[in-house]
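Heads up: the protein sequence lines correspond to chains L and W, in order.
Its first residue numbered 43, the first sequence is counted upward by one per residue in the working numbering.
Its first residue numbered 15, the second sequence is counted upward by one per residue in the working numbering.
Step one of this worksheet: look at the structure below.
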Amino acid sequence: MKKLLYIFGIFCSLFFVSCEEEIILDFDKNIPRLVIDGNLFIGEPEFNKIHLSTTTDFYSGVFPAIDDAQVSIKDIDTDYIYEFINTGSGDFANNAFIPEMSKVYELTVVYNNETYKATSTLLTPPEIINVDQANDGGFTGDSYEFRFNFQDNANEENYYLVQMVSPVDKYFGVTDDMFTNGNIMNDMYFYDKDDLKTGDKLNHSITSISKGYFNYLSKLLAISGENGNPFASPMGTVKGNIVNQTKEDNYALGYFHIAKRNHYTHIVK
Amino acid sequence: MQKTLLTTMVFFWFTGVWAQQNDTINSEDLDEIIIDASVNKINIRKPEMSVNKLTSEEIKKMPVVLGETDILKSILLLPGVVNSGEGTSGFNVRGGGSDQNLLLLDQTAVYGSSHLYGFFSIFNNDAVSNIKLYKGGIPARYGGRASSVLEINQKNGDFQQFKATGGIGLLSSRLMVEGPVIKDKLSYLFAGRASYAHLFLKLTDIKSSAYFYDLNTKWSYLMNDKNQLYFTGYFGRDIFKFNDSFDNKFGNTVANLTWNSKYSSKINSEASVRYSDYYYGLTLNFVGFSWDSGIKNYDFNYKINHQINDEFSLKYGISSLYYDFNPGLIEPDVPGSQVNAYQIPHKYAWENALFLEAEQEINSFLSVNYGLRYSMFHRLGEENINLYENNKPVIYNEQTDTYEKATPIGTQYYGKNKSISKFDNFEPRLAVSVKLTDDRSIKMSYNRMTQYVHLISNTTSATPLDIWEPSGPYVKPQIVDQYAVGFFQNLNHNKYSLEIESYFKLGKNRLDYIDGADLIGNRAIEQVLLNGKTEAYGLEFLFRKNEGKLTGWVAYTIAKSMQQTAGRTANETGINNGEWYRTPHDRLHDLSIVASYDFSKKWSFNASFTLQSGRPVTYPDGKYEFLDLQVPNYNNRNNYSMPAFHHLDLSATYSSSKNENRKWKGEWVFGIYNVYNRKNAASINFKSVEGSDNLTETSKLSIFGIVPSVTYNFKF
């Protein structure tokens, strides 16, 4: 649904556009603030870590990493604490951390003598049933169209995080079942014929996320310009679920969320 | 992928239009211009201020984009009126929102005001006789919107003979015919306008079309000395179709039947029944989805004009308006679509008002217009209303400092026509004129305006998809108080006139939206709404030259428009940390210069220049990385201004000398919009540099560069 509104938004906003040019603006100076990227996908080394950094100037090419912090995750059921070790470049990892479905976990980050905490619960992800490929899709009818189909659970509100990695791009998106509850839903993509060829691999992944994380990512995707709802209202600072226990006003940006993804590879026909 | 494809697609369409601009002819209408000083000179005595009138002839003279004469663009040249920039619809009066303007086509409310997603207004100037904009001192007979009233009065058809006018333009062609059915008794007027951009689309070998059309009609029946009957009709549609994938239609239907009756030399009445309908439909075949939304209203109005004596007159009456809102119907439109059919339930409301307005000349220098409007609003069933804990549909999350949707704890059912909520308000109105000399006066006014319907939109300008929400259990009516004072002077035997006005406005219950609110297709819109306050003030200058070969005006406004949505309790932050912030239509400076020069019988020249402070915009104060995304970090809303907005437009009209002796009169209008090719910023975008994981850039989008146009107009 979000995607659909997005398509329409682009359509409206670019209807008469005749000229876009790069400009340089004079911004206020950025005051660095802690950012905790606590998006964990279980079993995926690239995502099975906590990443710490700070905010930076808008035109800067470097996101300053933080390595001098203590990071741990506690299993709330057993009180067992997994210490996460700094592996450089702001990353903290523990390979022994293998969370279980429906369990609650608590993240603790200690940085500059301040303690930050957040919790997350692991949800069961859906599986891609099959993929419909059409070679006459899109507005003009001459694009590739791929629908990755999955079953929505009719008994609850569901929120999904999807990712597509194609030979030409990478894309994160979120969707919900507001208009499609209980149906076979599809996650749809269009590609120009020039961008793909037969035999190319489309690596798709999908997972269930919490409503809070869905709201957070919707806003984040919208303001980062990657995706999102063009009809959504303007936003100030997007705060996540991480709370500074020492000094509440000195909040950290970012989110802590653990998920298990299901992957599906489609080979372009 | 999606984006690139669409951009290409849209660009393709646009180049079609662009090419057409340069290759073909464009249309603007210019009748013979009769400059009548009495039209523009100020009525020093009358207790009426903050009102601007423009005749259809004046509007036609203004140079515009593509030569498409545009009523709503013409009022932007008046003091105290701005909009969101090129290619946007709507307008903002004295710091008010675009939804706070009451647009009346022959006294019938109109909801969607633009064609082509905001590029042109829906009002065909050929069918219009004049317009009148009330920015303040609004008389008691008007109500329902908080900021302004724009009256658009259609022409009556000619009672004597058949006449036609028309034009062939770049984007559209127009034809208006009028004449008697029964001489001196019954006359008709038909005006039609249609764009032909779809022809060019078809040439590009795409099974697509994009066009608009509108039809106006007016019937006038002078039954006898005492009774007259008028019928006004309007129907307009925009149609966009791409391949079989995308189908978008929207537009208005308006009808009005008015019966004027004269009881005596001192008393006459006006009774009207009116209907107005705005429809928006969208079908996206490739995702198997269709959407319908809109608003309908039925309206009865009865007004008596009562001239008690030369110094004292009354206007009184009633108005009754029934609304039917369709917030959205979603349907799967192909078999196997993933979408469930869903109708967001219709909402119904009934708005009634009684008004009494008196105009009185108290003595040789003091005259007043005072009145009272009593308005009532009922939200009616049938509807299921959500119930929330503590009556709060929006909850505050103290952990993330954000507002979130509350979960309903139940619903309450209201049967058909059962009252769900009721509001009533007294709206006092007052205008005073103090004559200082025969050419000079000071005027003051106060008005309270109540608005019971709210536009759900967070874009800076109106879009065709805008949805209206009636006041109800969780949404209170907007109330705006305006105080204004002005100095008025006619100079040099009415050759020049000067108006200086200052205003101050305070508003409450202005809707604001929680961060990231989803407004379209929202089944419980109250869960994303918060109540705010507004404040606006400004100083306006208008200097006009009313006679001679050179006529025109200079208008300058310095103004401020702010809003605040504070937390409901001490723990809540509100929007923008509860601080006041600039509304999207805040413009510190606004200068317009309009000039018209009658060079000879054959040639006349027109120019207009606009210079405005840039629109407020929110810039990030930094960026960070999350989930491989580069996220700009926004802090305070509308903390910066876009670059200044300005453009100069010129046009020249050539009427052949052969015109004098023949029935067919033709003329050519040559126009240049944005003569010095100013690239005005329509928006500023913050985004990642393509292909880079850590670089971001800013870019400026501009819409119109220099746009030349040629138009041929005729009448016979």
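For each residue, glycine too, the CB sits at the ideal point set by N, CA and C.
Residue i: first and last residue of the uninterrupted alpha helix (DSSP H) it sits in
{"i": "L/Gly254", "result": "Lys253 to Ile265"}
{"i": "W/Glu71", "result": "Ser70 to Lys75"}
{"i": "W/Ile10", "result": "Nothing can be reported for residue 10 of chain W: it is not among the residues displayed for chain W, which extend from 15 to 730."}
Backbone CA spacing between residue i and residue j [nearest angstrom]
{"i": "W/Gly628", "j": "W/Ser702", "result": "25 Å"}
{"i": "L/Met206", "j": "L/Lys243", "result": "10 Å"}
{"i": "W/Val489", "j": "W/Ile589", "result": "17 Å"}
{"i": "W/Ser378", "j": "W/Lys449", "result": "8 Å"}
{"i": "W/Ala550", "j": "W/Ser98", "result": "17 Å"}
{"i": "W/Asp438", "j": "W/Gly295", "result": "34 Å"}
{"i": "L/Tyr306", "j": "W/Gly685", "result": "58 Å"}
{"i": "W/Pro341", "j": "W/Ile409", "result": "23 Å"}
{"i": "W/Ser128", "j": "W/Tyr388", "result": "32 Å"}
{"i": "W/Gly183", "j": "W/Glu540", "result": "45 Å"}
{"i": "W/Pro484", "j": "L/Lys159", "result": "43 Å"}
{"i": "L/Phe89", "j": "L/Ile118", "result": "22 Å"}
{"i": "L/Leu76", "j": "L/Phe134", "result": "15 Å"}
{"i": "L/Cys54", "j": "W/Lys329", "result": "Residue placement at L/Cys54 is poorly supported in this model, since its pLDDT is 41, which falls under 50; the coordinates still yield a value, given next. C-alpha separation (whole angstroms): 45 Å."}
{"i": "L/Gly392", "j": "W/Asn545", "result": "This structure cannot speak to residue 392 of chain L, because chain L is shown only from 43 to 311."}
{"i": "W/Asp495", "j": "W/Gln577", "result": "15 Å"}
{"i": "W/Ser304", "j": "W/Val353", "result": "9 Å"}
{"i": "W/Gly126", "j": "W/Ser135", "result": "9 Å"}
{"i": "W/Ala666", "j": "W/Lys74", "result": "12 Å"}
Beta-carbon contacts of residue i that lie in its chain and below 6 Å, excluding the five residues immediately before and after
{"i": "W/Ala123", "result": "Ser290"}
{"i": "W/Asp600", "result": "Ser575 and Pro630"}
{"i": "W/Leu343", "result": "Asp306 and Gln357"}
{"i": "W/Arg651", "result": "Asn590, Tyr595 and Thr632"}
{"i": "W/Val382", "result": "Pro61, Gln374 and Val446"}
{"i": "L/Leu203", "result": "Val216, Thr249 and Ile251"}
{"i": "L/Val310", "result": "Leu238, Thr240 and Asp242"}
Beta-bridge pairing of residue i - partner residues as DSSP gives them
{"i": "W/Tyr5", "result": "A question about residue 5 of chain W goes unanswered here, because the residues of chain W that appear run from 15 up to 730."}
{"i": "W/Ala3", "result": "The requested residue 3 of chain W is not part of the displayed model; chain W covers only 15 to 730."}
{"i": "L/Gln287", "result": "L/Gln287 is not bridged to any residue."}
{"i": "W/Asn262", "result": "W/Phe254 and W/Leu296"}
{"i": "W/Ala160", "result": "Answer by DSSP bridge pairing: none, since W/Ala160 is not bridged."}
{"i": "W/Gly424", "result": "W/Leu401"}
{"i": "W/Arg482", "result": "Reading the sequence as shown, one finds Trp at residue 482 of chain W and not Arg. According to DSSP, W/Trp482 bridges with W/Leu469."}
{"i": "W/Val96", "result": "W/Asn106"}
Cβ-heavy atom distance, residue i to the ligand MN, below 8 Å
{"i": "W/Lys406", "result": "The ligand MN is absent from the structure shown, which contains no ligand whatsoever."}
Element boundaries [beta strand (DSSP E), containing residue i]
{"i": "L/Lys159", "result": "Glu156 to Thr163"}
{"i": "W/His661", "result": "Phe659 to Ser669"}
{"i": "L/His299", "result": "Leu295 to Ala301"}
{"i": "L/Ile127", "result": "Tyr122 to Gly130"}
{"i": "L/Met206", "result": "Tyr201 to Val207"}
{"i": "W/Ala178", "result": "Lys177 to Ile182"}
{"i": "W/Ile318", "result": "Phe303 to Asn323"}
{"i": "W/Arg207", "result": "Leu200 to Ser209"}
{"i": "L/Phe139", "result": "Element bounds for L/Phe139: n/a, residue is neither H nor E."}
{"i": "W/Ile409", "result": "Val408 to Asn411"}
{"i": "L/Asn223", "result": "Counting along the chain, L/Asn223 falls outside any beta strand (DSSP E), and DSSP gives it neither H nor E."}
{"i": "W/Asp140", "result": "Where W/Asp140 is concerned, there is no enclosing beta strand (DSSP E), given that its DSSP letter is neither H nor E."}
Other residues of its chain near residue i: CB distance less than 8 Å, five sequence neighbours each side excluded
{"i": "W/Leu236", "result": "Phe173, Asp198, Lys199, Leu200 and Gln242"}
{"i": "W/Ile89", "result": "Asn66, Leu68, Val95, Phe105, Ile145, Leu147 and Leu164"}
7 Å Cβ shell around residue i - same chain, five flanking residues per side excluded
{"i": "W/Gly486", "result": "Arg393, Ile434 and Ser435"}
{"i": "L/Ser114", "result": "Ile123, Tyr124, Glu125, Phe126 and Thr150"}
{"i": "W/Lys714", "result": "Ala695 and Ile698"}
{"i": "L/Phe256", "result": "Tyr201, Val216 and Asp218"}
{"i": "W/Asn431", "result": "Leu394 and Gly395"}
Legend entry - Contacting positions in the region 100 to 114 of chain L - beta carbon closer than 8 Å to chain W: Phe100, Tyr101, Ser102, Gly103, Val104 and Phe105
Inset, instruction - Determine which residues of the region 625 to 651 of chain W have a Cβ less than 9 Å from any Cβ of chain L, and write them out in chain order. - result: Thr632, Tyr633, Pro634, Asp635, Gly636, Lys637, Tyr638, Glu639, Phe640, Leu641, Asp642, Leu643, Gln644, Val645, Pro646, Asn647, Tyr648, Asn649, Asn650 and Arg651
Inset, instruction - Below 7 Å between beta carbons is the criterion; list the residues of the region 580 to 594 of chain W that meet it against any residue of chain L, in chain order. - result: Asn590
Inset, instruction - For the region 710 to 729 of chain W, enumerate the residues whose C-beta is nearer than 9 Å to any C-beta of chain L, in chain order. - result: Thr710, Glu711, Thr712, Ser713, Lys714, Leu715, Ser716, Ile717, Phe718 and Gly719
Legend entry - Contact list for the region 270 to 303 of chain W against chain L, Cβ threshold 8 Å: Leu296, Leu298, Phe300, Val301 and Phe303
Inset, instruction - Taking a Cβ distance cut-off of 8 Å, strictly less, list which residues of the region 338 to 367 of chain W are near chain L, in chain order. - result: Ile344, Gln352, Val353, Asn354 and Tyr356
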